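Enquirer: Would you mind keeping the following structure in view while I ask a few things?
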Amino acid sequence: MMQLIEELWFLKRDLLSDDYDRALERLAQEVPMTIHAVPSGTKVWSWTVPEKWTCHEAYIETLDGRRLLDYANHPLHVVSYSLPFEGEVSRDELLAHLHVHATNPDAIPYVFKYYQRDWGLCATQTLRDALTDEKYRVVIRSEFTPGSLKIGEVYIPGQRPENFVLAAHLDHPAMVNDDLSGVVVGVEVARRLLAAAAGGEKPYYGVRLLIFPETQGSIAYLSQHEDEIPNMLGGLFLEMLGNDAPHALQQSFQPLSAPDRALVNALAGHEPGAYVGGFRTVIDNDERQFNAPGVRVPMLSLSRVVNPHLPTSRFAPYPEYHSSLDTPAIVSHTRLEQSVELVLELIQAFQHNRYVVNHFKGEVFASGYGLWVDYKSDAAGHKRRFEIMDRCDGTRRVADIADELHISFQDVWQVIALLIEKGLVSLSDTPQPTDPHSGGSHLP
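In this note's numbering, the protein residues as written are 7 to 450.
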């Protein structure tokens, strides 16, 4: 994963750009990928796909030719989608178009203006403070041309047509944690799921990985694949997964949905104490588009956030966010691998989170099935096993049982897996109530 990051991070991965396309094509060498292209000018619901933007050269220099800022040194020196400009400007006019980082004087900020047409440059506060001449020469040689918004799709077929969506965004030039880290984690998860499927472990539900430019990419994909939306049962947006911070899970717009319950309870089992926040309280990214009206796919998001409980975390989730300091130095293979393992466990919970239907009546003769837990040596384990079996009546999903008992998804699944092995229960996509008083008993 770190090798991919080293290869791709400094590319000029603007929304529609040649370097974005190069990065996506490189990822397609890692896993079988379909690349969708949506041309500039295409109406995608209420949005319009913009033109491709290319910046050939940009700099600020003194009138005697001393260069102070050069796009060739760092892609963030130019506002993404800046208009071209060339000429002498006053210091005041230059400062009105020169952006700096809000908190770090040595960072170049990431600024984009896709729909607000103007010219702009970005610099460190230190450089800005050193601009004391009355006039400067500014050159921005950029152009807008017809292009295509590119979306990468990797699909791992399941036993059923319904699927779980993983997503990450590939744009943001010369930055790593936001969100190249999420991209490489998603690709590695897809690689492992594909390998498992090739070895005979076909998932129950399919898994779809989408890699696109932020916001416009998810809207473009969904608008062009509306027929797929009903089969998207849930999802997880992968964002900022390499920095030194604990995992934070943001719930979907429907916090009581089956995917929410499964993932929240599975996170509790994998990483006790990890932060869980409501929709739009931890980060704001493409999970918004999947949760939006007319779509309503319950997509959660997984990230690493320094102080996820603070309202400001949505806009400043880590110190290097949206700046030239977001480099490979702030991410690690260990943290990326931890995130891969967590995502795989969350997907597994989603796959298992079906209704548990009993094939037994009355309390199970536990010792006869090798299920007895001695209450003298393990009173809590004894109680938990019977509490779980009490709730296997065709009306509850695995996560519902975990919720009721205030235990992790993994603790419940461990018992359910044993019951399945003994032929005492099975899983169903739909409720199968076995209580004869419900009028719908499915027991013989």
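For glycine and all other residues, C-beta sits at the position ideal for the given N, C-alpha and C. Just so it is clear, the structure is predicted and the values come from calculations on it, not from any experiment.
Measure the alpha-carbon distance for Asp-384 versus Gly-400 and round it to whole angstroms.
Expert: 28 Å
Enquirer: Which residue from Glu-293, His-276 and Asp-98 puts its Cα closest to that of Gly-2?
Expert: Residue 2 lies beyond the stretch modelled for the chain, which goes from 7 to 450, so this question has no answer here.
Enquirer: Return the chain-ordered ranges of every beta strand (DSSP E) run that is complete within the region 178-224 and spans a minimum of 3 residues.
Expert: 211-218
Enquirer: Using 7 Å as the cut-off, classify the Cβ of Phe-218 as near or not near the heavy atoms of the ligand FMN, replying yes or no.
Expert: Summarising the ligand content, the structure contains no ligands, and the ligand FMN is consequently not present.
Enquirer: Classify Asn-79 as buried or exposed, calling it buried when 16 or more other Cβ atoms lie within 10 Å of its own Cβ.
Expert: exposed
Enquirer: Between Gly-300, Gly-188 and Val-55, which lies nearest to Arg-310 when the distance is taken from Cα to Cα?
Expert: Gly-188
Enquirer: Buried or exposed for Leu-49, going by 16 or more other Cβ atoms inside 10 Å?
Expert: The question names Leu, but residue 49 in the sequence shown is Lys. Exposed, by the Cβ-count rule.
Enquirer: Answer yes if the region 243-252 comes into contact with the region 332-346, meaning at least three C-beta pairs across the two stretches below 8 Å, and no otherwise.
Expert: yes
Enquirer: Report back the beta-carbon spacing between Glu-63 and Arg-143 to the nearest angstrom; my notes put them in contact at under 8 Å.
Expert: With a Cβ gap of about 13 Å, Glu-63 and Arg-143 do not count as contacting.
Enquirer: Specify the secondary structure class of Pro-45 as computed by DSSP and reduced to three states.
Expert: In the structure shown, Pro-45 falls within a strand segment according to DSSP collapsed to helix, strand and coil.
Enquirer: Decide if the region 294-306 is in contact with the region 252-259; the criterion is three or more beta carbon pairs, one per stretch, under 8 Å apart.
Expert: yes
Enquirer: Measure the Cβ-Cβ separation of Ile-41 and Gly-158 and say whether it is below 8 Å.
Expert: yes
Enquirer: With a threshold of 8 Å on Cβ separation, who are the neighbours of Gln-260 within its own chain once the five nearest residues in sequence on each side are excluded?
Expert: Asp-266, Asn-297, Arg-302 and Pro-304
Enquirer: Does the beta-carbon distance from Leu-74 to Trp-125 come in below 8 Å?
Expert: no
Enquirer: Nearest-angstrom Cα distance between Ala-405 and His-105?
Expert: 48 Å
Enquirer: With a Cβ-Cβ cutoff of 8 Å, do Ile-422 and Phe-170 count as a contact?
Expert: no
Enquirer: Just checking my contact of Leu-22 with Pro-56 at CB under 8 Å: how many whole Å lie between their CB atoms?
Expert: 6 Å
Enquirer: Got a sec: is the Cβ-Cβ distance from Arg-166 to anything in chain B below 8 Å?
Expert: Given the protein chain composition of this structure (a single chain), no chain B is represented.
Enquirer: Answer yes if the region 267-282 comes into contact with the region 317-334, meaning at least three C-beta pairs across the two stretches below 8 Å, and no otherwise.
Expert: no
Enquirer: Out of curiosity, what's the CA-to-CA distance linking Glu-194 and Val-346?
Expert: If you take the alpha carbons of Glu-194 and Val-346, they lie about 7 Å apart.
Enquirer: Could you round the C-beta distance between Ser-96 and Glu-140 to whole angstroms and report it? I think they count as a contact, below 8 Å.
Expert: Approximately 7 Å separates the beta-carbon atoms of Ser-96 and Glu-140; this is inside 8 Å, confirming the contact.
Enquirer: Going by the CB atoms, is the gap between Ser-154 and Val-44 shorter than 8 Å?
Expert: yes
Enquirer: Closer than 8 Å is the cut-off here; do at least three beta carbon pairs connect the region 369-387 with the region 217-231?
Expert: no
Enquirer: Around the Cβ of Thr-109, are there at least 16 other Cβ atoms within 10 angstroms (buried) or fewer (exposed)?
Expert: exposed
Enquirer: Sort Tyr-161, Val-191, Arg-166 and Leu-172 by Cα distance to Leu-200 and report the nearest one.
Expert: Tyr-161
Enquirer: Can you list, in chain order, the residues of its chain with a C-beta nearer than 8 Å to that of Gly-167? Leave out the 5 residues immediately preceding and following it.
Expert: Checking the sequence shown, residue 167 turns out to be Pro, not Gly. Taken in chain order, the residues that qualify are Gly-212 and Asn-237.
Enquirer: Look at the Cβ atom of Arg-403, then the Cβ atom of Ala-264, and state whether they are nearer than 8 Å.
Expert: Against a cut-off of 8 Å, the Cβ pair of Ala-264 and Arg-403 comes out as a contact.
Enquirer: Between Lys-428, Asn-359, His-358 and Gln-357, which lies nearest to His-365 when the distance is taken from Cα to Cα?
Expert: Lys-428
Enquirer: Go to Pro-167, then tell me how far its beta strand (DSSP E) extends in each direction, as first and last residue.
Expert: 166-175
Enquirer: Along the chain, where does the beta strand (DSSP E) containing Leu-255 start, and where does it finish?
Expert: 253-256
Enquirer: Tell me the rounded alpha-carbon separation between Asn-271 and Ala-355.
Expert: 9 Å
Enquirer: Quick one: using the 10 Å Cβ neighbour count with 16 as the cut-off for buried, is Arg-19 buried or exposed?
Expert: buried
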